[in-house]
Amino acid sequence: MTDHKMKALLIGIDAGCLPVFDRLIEDDVIPNIQSICENGAVGPLSSQIPPWTPSAWPSMYTGVNPGKHGTFGFVDYDGYDWHVVSADHVREHAMWTLLEEHDLSSVVVNVPVTHPPDEIDGAIIPGFIGPEHPDSHPTGILEDVMDEIGEYRVYPKYERDDQEWTDSEKMDEYTSLVRMHGEAFRYLEGEFEPDFGFVQFQKTDTVFHEFLGDWEKVKQVYAETDRQVGKLLEECDAEQVFLASDHGMGPYDKQEFRVNEFLHDEGYVETTQGGKGMPSWNPIRSQLREGENEETWEPNIFERFAATIAKHGFTASRVGKSLRSIGLDSLIKPYVPDNVARTASEQVDFPASTAYMRARVELGVRINLKGREPEGVVPKSEYEDVRSELIDLLKGVQTPEGEPMFETVAPREEYYNGEFTESAVDIVTVPKDFEYFISAQLLGEQFGPPTEPWNHKLDGVFAAMGEGIDETASLEDAHLYDVAPTIMAAMGIQYSDRMDGRVLPVVDDIGATSYPEYGDELERNVSDEEVESRLADLGYL
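Residue 22 is where the sequence shown starts when you use the numbering used here, and the numbers rise one by one after that.
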C-alpha cells in the first residue's frame, strides 16, 4: 500500500445484470458486489444494438455508437470475406487516451478489443479480443506480471468440447483466469499508481454460454469474481468506484429463428455447398489460445475435402439427419471436427443473393448492393424499395406461437450514425424481449430449439460509489454510451463532444470539449509487424 489514491476505478463484469445479481445475492455469493450496489447508485444499463462483447465494450470505452467507432461484431468484412476484429478496427479515442491529454495515467487489464494496445502513460494488457500472449504496453510488462503472479492467460487451456477435461477441471480453469486478471491488475496498479484503472472479468459471461446456465457453475465463477472485487476495493484506494457491464444475460425460452432460411424461402437468399462457411469462433479458437497470429481462417486439406464432397450432396446436415434416424448422431459427433462439419454444410451464396444475414450477432440483414459489394445485384436506384419490402416482410414474421418475431425492424439509421454506418447491416432486427435466439445458419427449417438456452439480454448494470457520487441519483434510462462521459466528468475532465452518451446524474456534468479527431495526433503508433499480428475472437457466433 502507498499514499497514492486512484481517482477512478472501473470494474467491468461481462454480462452482469440485476436479475443475475439479485439471485446471487439471495444465495450470498457476491457480498462485495452487493456492497457497491447498496452503498452507491445502481440501476440497469441499456446496451446498444447489437449487445455483444466486441462492439459493446468499444462503445463503452469510447462513448460513441458503432457507426462512429466502426466495430459491429466479431468480424470485419472485406466484400463477402471476413476477418477477425482488433483494436485497429476501433477508430475512436478510448477514455484512457483522452485522459492522457490531461496528464492522467491509466492501467487497463483484460478489456476486450484492446489488442494491439495504445501507447499511453501507464499499462495495458489486452483481453478477450487478442491472442493468448498479447502484445502489451509497455513492452515486457506481461512478462513482469507473469514473473510476479506466476501465470497469466486470457483463455482456458482446453477446447470447449474437449471430453478429456472434467467439468470440475474446467471450472478450476475459469476461476484461475478470474484470479489471474484480478492479481495482474492489482500488481500493475501498485507499480504504476494510475489515476484511472479499468479491469474486466470475462468469464462471468462465458460460463453461461459454455455450461448452458448451470447455476452451480455460475455461482463458482461469480464467487471468485466477487473475491477479486473485494481485493480491489481493499487494496486499490480509489476515490470513486464504478461497476459496469456490456449487456445482460438471461434465459431464452422461445424458439430459434433462422433468418437466412426465411430469406431463402422468400427468394432473397441463394445457397451453395462448400466453402469456409459463416464466421465462427471454432476455426480460430485453438490458434488463438496457443498464441498464434491469425486474422481469418482458411480451410485445411480435410476441410476442403469436406467442402468438395458437399457439392455432390454429402452435406453435414444431410449426414446428421441420417445418423439421427438410426440413433448414432450423439456417438459420432465427438469424432467429427467442427471445421469439417462447417465446410460440409449448405451455406449462403453471398454474391448470388439479394439480401442475407452475414452473422447472427449483427442482428440484421445486409443487402447485396451494386457498387458497395464486390458482386452486388441490387441497383442503387432500387435499394430503398428493396429495403422497404424486406422491412415489411420481416415485420410480418410470426413465431410458432403466433406472436411477432421481432420487437423492432428498422432502417439502420435509427441506430447508427457516423462515417462507418455503411459497414452496418441495412436493416436492424431486434428479437422480441431477447427471448428468441437469432441464427444465420441454414438448417432446413425456419424455426427450431434455441442453440443456447441462455444468452444476451439488453439490460446490463451500472453502479457508482465514492467521493462526490450522488447515491440517491436516478439511473433511469442509463445507456452504455453514458459510461465514458460519466467517468470523465467524475474525474473532473470534460468529455469529448463526439460522444453519444450523457453524464449520468450521479455526478455533475462539467461539459464537453473538442479533442483531436481520431487519426490525428492521438493516433496509436502501430508498426507493420504489429498490424500483421492482429487477432480476435468470435466467441458467440
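Beta carbons are placed, not taken as given, at the ideal position from N, Cα and C, and that holds for glycine.
Since the structure is predicted, the reported quantities are computational estimates derived from the model, not experimental observations.
Check	Outcome
Short check: CB of G487 to CB of D503, under 8 Å?	no
What is the residue span of the alpha helix (DSSP H) that P452 lies within?	Run containing P452: none in the alpha helix (DSSP H); it sits in the beta strand (DSSP E), 448 to 452.
Would you check if the stretch 137 to 148 and the stretch 106 to 118 touch, i.e. whether three or more CB-CB distances between them fall below 8 Å?	yes
My assumption, with CB atoms under 8 Å, is that A499 sits in contact with G64. Please give the rounded CB distance.	6 Å
CA-CA distance, P526 and G397?	47 Å
For L30 and A259, what's the separation of their Cα atoms in angstroms?	6 Å
Please check the pair G269 and D480, which I expect to be a contact at CB under 8 Å, by giving their CB distance rounded to whole angstroms.	5 Å
Identify every residue that forms a DSSP beta bridge with A429.	The residue asked about is misnamed: residue 429 is Thr in this sequence, not Ala. Bridge partners of T429: V451.
Quick check on DSSP: helix, strand or coil for F232?	helix
Check for me: the beta strand (DSSP E) holding S67 runs from which residue to which?	62 to 67
For W236, count neighbouring Cβ atoms within 10 angstroms of its own Cβ and tell me buried if that reaches 16, exposed if not.	exposed
Mark T364 as exposed unless 16 or more other C-beta atoms lie within 10 angstroms of its C-beta, in which case mark it buried.	The predicted model places T364 with a pLDDT of 42, which falls under 50 and marks its position as unreliable; any figure quoted below should be read in that light. Buried: at least 16 other Cβ atoms inside 10 Å.
Of all the CB atoms in chain C, is at least one closer than 8 Å to the CB of G61?	The structure shown contains no chain C; it holds only a single protein chain.
Which residues in the same chain as V399 place their Cβ atom closer than 7 Å to its Cβ, once the five residues preceding and following it in sequence are excluded?	T375, I388, N389, L390, K391, V407
Taking DSSP as the reference, what is the three-state secondary structure of M270?	strand
Quick check on the burial criterion: 16 or more other C-beta atoms within 10 angstroms. Buried or exposed for H285?	buried
Counting beta carbon pairs with one atom in the stretch 456 to 476 and one in the stretch 125 to 132, are three or more of them shorter than 8 Å?	no
Tell me which residue opens and which closes the beta strand (DSSP E) that I145 is part of.	143 to 146
H123: buried (16+ other C-beta within 10 angstroms of its C-beta) or exposed?	exposed
Evaluate G423 with the Cβ neighbour count: other Cβ atoms within 10 Å of its Cβ, from every protein chain shown; 16 or more gives buried, anything less gives exposed.	exposed
Please specify which runs of the alpha helix (DSSP H), each continuous and at least 4 residues long, are wholly inside the stretch 169 to 248, giving them in chain order.	188 to 213, 224 to 232
Please determine, among G61, D165, D274, the residue with the shortest C-alpha to C-alpha distance to F263.	G61
Between which two residues does the alpha helix (DSSP H) harbouring T293 extend?	That residue, T293, is in no alpha helix (DSSP H); its beta strand (DSSP E) goes 292 to 294.
May I have the straight-line CA-CA distance separating V430 from I514, to the nearest angstrom?	38 Å
Sorted by chain position, which residues of the same chain lie with C-beta nearer than 8 Å to M520's C-beta, five sequence neighbours on each side aside?	T83, G84, V85, Y502, A505, P506, A533
Taking contact to mean 3 or more Cβ pairs, one atom from each stretch, closer than 8 Å, check whether the stretch 193 to 204 and the stretch 436 to 446 are in contact.	no
Considering D43, what are the terminal residues of the beta strand (DSSP E) in which it resides?	That residue, D43, is in no beta strand (DSSP E); its alpha helix (DSSP H) goes 39 to 47.
How about P215 and S107: are their beta carbons less than 8 Å apart?	no
Does DSSP classify D35 as helix, strand or coil?	coil
Per the contact definition of three or more C-beta pairs closer than 8 Å, is the stretch 187 to 197 in contact with the stretch 92 to 112?	no
Alpha carbons only, please: which of P147, F95, S266, T472 is nearest the one belonging to M81?	S266
For the alpha helix (DSSP H) containing Y289, name the first residue and the last one.	Careful: Y289 lies outside any alpha helix (DSSP H) and carries neither H nor E.
Which same chain residues, not among the five before or five after I51, have their C-beta less than 7 Å away from its C-beta?	F42, L45, Y243, D247
Looking at F95: is its Cβ nearer than 8 Å to the Cβ of V382?	yes
Per DSSP, which residues does G385 bridge with? Please list them.	V449
If you reduce the DSSP assignment to three classes, tell me which class F93 lands in.	coil
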